[in-house]
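In the numbering used here, the protein residues as written are 16 to 328.
Down below is the structure, laid out as structure tokens.
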Amino acid sequence: MSYDIVGDIAIIKKPLKYNEEEYVKRILEKHKFIRTILLQETDVLPPYRIPKYRILYGENKTETINIEYGLKFKVDVSRCYYSPRLSNERYRIAKQVKENEEVLVMFSGVNVYPIYIAKYSEAKMVYSIELNPFAVKYGLENLRINKVNNVITFLGDVRDISKYIGYLEDRDGIIKNDKEYIRDIIDSGLEINNLYIYEYDEIIENIKYKKLRYISELENLEKFNKKFDRIIMPLPKESHTFLEYAIPLIKNNGIIHLYQFFEEEKIKEKAIYLLEKYSSELNFKYEILNILKVGDIAPGNYRVCIDFKVIKN
Ligand SMILES: C[S@@+](CC[C@H](N)C(=O)[O-])C[C@H]1O[C@@H](n2cnc3c(N)ncnc32)[C@H](O)[C@@H]1O
16 MSYDIVGDIA
26 IIKKPLKYNE
36 EEYVKRILEK
46 HKFIRTILLQ
56 ETDVLPPYRI
66 PKYRILYGEN
76 KTETINIEYG
86 LKFKVDVSRC
96 YYSPRLSNER
106 YRIAKQVKEN
116 EEVLVMFSGV
126 NVYPIYIAKY
136 SEAKMVYSIE
146 LNPFAVKYGL
156 ENLRINKVNN
166 VITFLGDVRD
176 ISKYIGYLED
186 RDGIIKNDKE
196 YIRDIIDSGL
206 EINNLYIYEY
216 DEIIENIKYK
226 KLRYISELEN
236 LEKFNKKFDR
246 IIMPLPKESH
256 TFLEYAIPLI
266 KNNGIIHLYQ
276 FFEEEKIKEK
286 AIYLLEKYSS
296 ELNFKYEILN
306 ILKVGDIAPG
316 NYRVCIDFKV
326 IKN
């Protein structure tokens with residue numbers, strides 16, 4: 016029986032082995048504290064990697080607080096990606112971070128990796144980039160809940176933020192002119208510090224921001240003007256396509272943790288093939304530190320983390 020427990024919400028994953036009522040009965044018998052049971056009806060969907068759910072039992076609510084490794088994560092599972100299955104992996108990464116490191120977490124969701132790193136390492140500063148305004152909002156709240164004050168959070172696409180990251184301040188955002196996206200930002204209620212835009216549209220006035228600025232202010236400045244000791248890239252389906260943004264930001268001998276989905280067969284060979292391809296395209300050398308299966312997403316299909324050192328000439 017495959018289901019996740021997130022705080023007081025149970026999430027049942029397809030395919031179902033029994034009928035829905037049987038799941039509800041068994042879950043309630045085993046976990047007395049459950050208030051809501053959701054059925055995950057779709058795979059995770061782009062761009063925010065959230066599936067669609069249907070309520071099978073209990074209160075009509077999707078917000079909860081999950082506790083992992085003594086840390087509290089508040090999340091609305093219908094609005095933000097969150098997986099309780101990755102806690103050991105987050106801890107593994109956090110324990111590798113050395114004193115005084117500056118770490119970049121791309122695709123940071125509700126700030127889960129950044130908070131693990133802030134709490135379980137002596138990192139100097141952690142920077143996080145997330146597209147989903149709801150996740151950024153919960154992420155900021157999670158920093159407060161966990162009393163973390165060395166995480167800087169940005170709203171926007173990794174492709175935009177990474178280019179100008181050294182010029183940006185905490186809670187700054189860079190947004191494209193996409194009405195649906197702007198509506199999400201408005202609905203999330205997120206308060207942005209400097210909001211960088213490409214083009215003006217009056218709908219932007221409904222966003223809560225401190226200062227409205229144009230991206231053209233940044234465009235003539237040096238790009239990729241900050242370097243990190245370590246970059247985490249937890250977007251398994253696509254993270255390799257973002258290496259062109261990560262490589263310019265990593266220090267010589269810095270470490271990248273790149274997540275991928277691989278089928279069982281020849282995982283090591285696939286990881287090496289990928290690094291060979293990108294190291295030649297992006298002109299870097301690499302040393303593989305680890306290739307680890309860190310979970311399965313379907314029978315024979317694994318979430319794999321490739322930890323590698325980047326050597327620049
Ligand atoms: C698989 S989730 C991982 C979230 C988080 N790191 C965690 O472990 O809970 C990937 C996240 O990347 C975000 N995302 C997708 N494309 C992005 C992009 N181009 N730039 C920034 N964030 C992006 C999604 O909104 C989602 O929250």
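All residues carry an ideal CB built from backbone N, CA and C; glycine is no exception.
Have a look at D172, A109, K47 and E284 and flag the residue whose alpha-carbon is nearest the alpha-carbon of V141.
Taking the sequence shown and counting its residues from 1, one reaches residue 141 at position 126. Comparing Cα-Cα distances from V141 to each of D172, A109, K47 and E284, the minimum goes to A109.
A286: first and last residue of the uninterrupted alpha helix (DSSP H) it sits in:
One-based indexing of the sequence shown puts residue 286 at position 271. Counting along the chain, the alpha helix (DSSP H) containing A286 begins and ends at I282 to L297.
Is the CB-CB distance between L233 and I222 below 8 Å?
Counting from 1 along the sequence shown, the entry for residue 233 is found at position 218. Counting from 1 along the sequence shown, the entry for residue 222 is found at position 207. No, they are not a contact pair.
What is the DSSP secondary structure of L86, counted as helix, strand or coil?
As a working note, residue 86 is residue 71 in the sequence shown. Residue state, collapsed to three classes: strand.
Have a look at E137, V309 and V166 and flag the residue whose alpha-carbon is nearest the alpha-carbon of E278.
Walking along the sequence shown from the start, residue 278 turns up at place 263. Comparing Cα-Cα distances from E278 to each of E137, V309 and V166, the minimum goes to V309.
Cα separation between I271 and K40?
Along the sequence shown, one-based indexing puts residue 271 at 256. Along the sequence shown, one-based indexing puts residue 40 at 25. Whole-angstrom Cα-Cα distance: 44 Å.
Answer yes if the segment 282-293 comes into contact with the segment 233-247, meaning at least three C-beta pairs across the two stretches below 8 Å, and no otherwise.
no
So, using beta-carbon positions, are T51 and D19 closer together than 8 Å?
What you label residue 51 is simply residue 36 of the sequence shown in a count that begins at 1. What you label residue 19 is simply residue 4 of the sequence shown in a count that begins at 1. No, the Cβ-Cβ distance between T51 and D19 is not below 8 Å.
From V127, K324 and E78, pick the residue whose C-alpha is nearest to that of A25; which is it?
Counting from 1 along the sequence shown, the entry for residue 25 is found at position 10. A25 has its Cα closest to that of E78, out of V127, K324 and E78.
Examine ligand 1 and report whether any of its heavy atoms sits within less than 7 Å of the Cβ of R64.
Numbered from 1 along the sequence shown, position 49 holds the residue referred to as residue 64. In this structure, the C-beta of R64 approaches ligand 1 to less than 7 Å from one of its heavy atoms.
Give the straight-line distance between the Cα atoms of K134 and N268, rounded to the nearest whole angstrom.
Taking the sequence shown and counting its residues from 1, one reaches residue 134 at position 119. Taking the sequence shown and counting its residues from 1, one reaches residue 268 at position 253. Approximately 24 Å, taken between the alpha carbons.
In this structure, does DSSP put R50 in helix, strand or coil?
As a working mapping, residue 50 is identified with position 35 in the sequence shown. Coil at R50, not helix or strand.
Suppose you measure from the CA of H46 to the CA of L31; what does that come to, to the nearest Å?
The residue given as residue 46 occupies position 31 in the sequence shown. The residue given as residue 31 occupies position 16 in the sequence shown. Answer to the nearest angstrom: the Cα atoms are 19 Å apart.
Express the C-alpha separation of V163 and Y128 in angstroms, rounding to a whole number.
Here residue 128 refers to the residue found at position 113 when the sequence shown is read from its first residue. Here residue 163 refers to the residue found at position 148 when the sequence shown is read from its first residue. Approximately 12 Å between the Cα atoms of the pair.
Given this structure, state the Cα-to-Cα distance separating S254 from M248, to the nearest angstrom.
In the sequence shown, the residue the question calls residue 254 occupies position 239. In the sequence shown, the residue the question calls residue 248 occupies position 233. Spanning the two alpha carbons is a distance of roughly 6 Å.
Cα-Cα separation between Q275 and L101, rounded to whole angstroms:
Working through the sequence shown from its first residue, we reach residue 275 at position 260. Working through the sequence shown from its first residue, we reach residue 101 at position 86. Between Q275 and L101, the C-alpha separation is close to 14 Å.
DSSP-derived helix/strand/coil call for K32:
Taking the sequence shown and counting its residues from 1, one reaches residue 32 at position 17. Residue state, collapsed to three classes: coil.
How about P99: is its Cβ closer than 7 Å to a heavy atom in ligand 1?
As a working note, residue 99 is residue 84 in the sequence shown. The answer is no for P99.
Residue(s) in a DSSP beta bridge with K141
Here residue 141 corresponds to residue number 126 of the sequence shown, with the count starting at 1. Per the sequence shown, residue 141 should be read as Val rather than Lys. Paired residue(s): V118 and V166.
Classify K226 as helix, strand or coil using the three-state DSSP reduction.
The residue you call residue 226 lines up with position 211 of the sequence shown. DSSP places K226 in strand when its eight states are reduced to three.
By how many angstroms is the C-alpha of F323 removed from the C-alpha of M121?
As a position in the sequence shown, residue 121 is number 106, starting the count at 1. As a position in the sequence shown, residue 323 is number 308, starting the count at 1. Going by the C-alpha atoms only, they are around 16 Å apart.
On a CA-only basis, which of A150, Y38, N165 and K87 is nearest L119? Give me that one, please.
By one-based count along the sequence shown, residue 119 stands at place 104. Ranking A150, Y38, N165 and K87 by Cα distance to L119 puts N165 first.
Within 7 Å: the Cβ of N75 and any heavy atom of ligand 1?
Translated into the one-based positions of the sequence shown, residue 75 becomes position 60. For ligand 1, not one heavy atom lies less than 7 Å from the Cβ of N75.
Nearest to F88 (by Cα), restricted to the options G315, A138 and N126
On the sequence shown, residue 88 is found 73 positions in, with the first residue counted as 1. Measuring from the Cα of F88, the nearest candidate turns out to be N126.
Taking K225 as the reference, which of N235, E184, T57 and R245 has the closest Cα?
By one-based count along the sequence shown, residue 225 stands at place 210. Measuring from the Cα of K225, the nearest candidate turns out to be E184.
Which listed residue (G85, F48, C95 and I65) has its alpha carbon closest to that of G73
Within the sequence shown, residue 73 is the residue found at index 58, counting from 1. The shortest C-alpha separation from G73 is found at F48.
CB of L250 to nearest heavy atom of ligand 1: below 7 Å?
Indexing the sequence shown from 1 puts residue 250 at position 235. Yes, since a heavy atom of ligand 1 falls inside the 7 Å radius drawn around the Cβ of L250.
I need the boundaries of the beta strand (DSSP E) containing K324, first residue and last residue.
The residue given as residue 324 occupies position 309 in the sequence shown. Counting along the chain, the beta strand (DSSP E) containing K324 begins and ends at N316 to I326.
Within 7 Å: the Cβ of V151 and any heavy atom of ligand 1?
For this step, residue 151 is matched to residue 136 along the sequence shown. It does not: the Cβ of V151 is nowhere closer than 7 Å to a heavy atom of ligand 1.
Within 7 Å: the Cβ of L146 and any heavy atom of ligand 1?
Numbered from 1 along the sequence shown, position 131 holds the residue referred to as residue 146. Indeed, a heavy atom of ligand 1 lies less than 7 Å from the Cβ.
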